[in-house]
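*Asks:*
The following block contains the structure:
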């Protein structure tokens, strides 16, 4: 179906736009792609929602970011896999940064449990979220979490994730 192909292409374009810092254009592309993806590929829709959350956050739209982040977790919960683990991590990190530490810890627990059950090795985003919670609470183990995230990124060859970890560690 050409509509589904277009939606996949738009979601990919949106990710590139967001990575380049063009949040407005990325959000517009995600908002066009997601309704179609919800009808044709829920995993792709869940990933697009998670990425839309990040783009909205970068534009200062924190409520939109939070809403779509939770929706991403809800959708990906129906299709457990690495994407769900990352969605939990992304949502937990946003909550931690916003100072909602109890909410972040609930998402962390669910994400770590899902990673364990599914055998998902890449828990870097969850570790960054836990580092944020610990850091805000004055727990020096936050540095250990960032180091562990860096090590996972290196071992799995995740360049961008490793770079983020190195930046946060610095």
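Residue numbers (our numbering): 5 to 174.
By construction, the Cβ of each residue, glycine as well, lies at the ideal position given by its N, Cα and C atoms.
These numbers were taken from a predicted model, which means no experiment stands behind them.
#1: With distances taken between CB atoms, is the gap from residue 131 to residue 103 smaller than 9 Å?
#2: Return helix, strand or coil for residue 75, following the three-state DSSP convention.
#3: When the Cα of residue 119 is compared with those of 133, 60, 65, 86, which residue comes out closest?
#4: Using 8 Å as the cut-off, can you tell me whether the stretch 131-141 makes contact with the stretch 150-170, which would need three or more C-beta pairs spanning the two stretches below that distance?
#5: Using only the alpha-carbon positions, how far apart do residue 34 and residue 49 sit?
#6: What does the Cβ neighbour count give for residue 53, buried or exposed, with the cut at 16 atoms within 10 Å?
#7: Cutting at 8 Å between CB atoms, please list the residues of its own chain near residue 105, excluding the five before and the five after it.
#8: Around the C-beta of residue 183, are 16 or more other C-beta atoms found within 10 angstroms, so that it is buried, or is it exposed?
#9: Taking the C-alpha atoms as reference points, what is the distance between residue 44 and residue 18?
#10: By DSSP, does residue 126 sit in helix, in strand, or in coil?
#11: If you draw a straight line from the alpha carbon of residue 111 to that of residue 128, how long is it in whole angstroms?
#12: Closest to residue 155 by C-alpha separation, out of 144, 173, 97, would be which residue?
#13: Are the beta-carbon atoms of residue 15 and residue 51 separated by less than 9 Å?
#14: Using only alpha-carbon positions, find the residue among 124, 27, 108, 125 that is nearest to residue 61.
#15: Can you give me the start and stop residues for the alpha helix (DSSP H) that residue 165 sits inside?
#16: Compare the C-alpha of residue 13 against each of 122, 41, 81, 67 and name the closest.
*Replies:* For this structure:
#1: Not a contact, by the Cβ cut-off of 9 Å.
#2: If DSSP states are grouped into helix, strand and coil, residue 75 belongs with the helices.
#3: Nearest C-alpha to residue 119 among 133, 60, 65, 86: 86.
#4: Touching, yes, given that three or more Cβ pairs across the two stretches are closer than 8 Å.
#5: Residue 34 and residue 49: Cα-Cα distance of roughly 9 Å.
#6: Looking at its Cβ environment, which holds 16 or more other Cβ atoms inside 10 Å, residue 53 is buried.
#7: Setting aside the 5 residues that flank it on each side, residue 105 is surrounded in the same chain by 99, 137, 140, 141, each with a C-beta closer than 8 Å to its C-beta; the list follows chain order.
#8: Limits of the chain in this structure are 5 at one end and 174 at the other, which puts residue 183 out of reach.
#9: Computed Cα separation, rounded: 18 Å.
#10: In the structure shown, residue 126 sits in coil (DSSP, three-state: anything other than H, G, I, E or B).
#11: Between the alpha carbons of residue 111 and residue 128 lies a gap of roughly 14 Å.
#12: Closest option to residue 155, judged by alpha-carbon separation, among 144, 173, 97: 173.
#13: Contact: yes.
#14: For residue 61, the closest alpha carbon among the candidates 124, 27, 108, 125 is that of 27.
#15: Per DSSP, residue 165 belongs to the alpha helix (DSSP H) from 163-173.
#16: The candidate whose alpha carbon is nearest that of residue 13 is 41.
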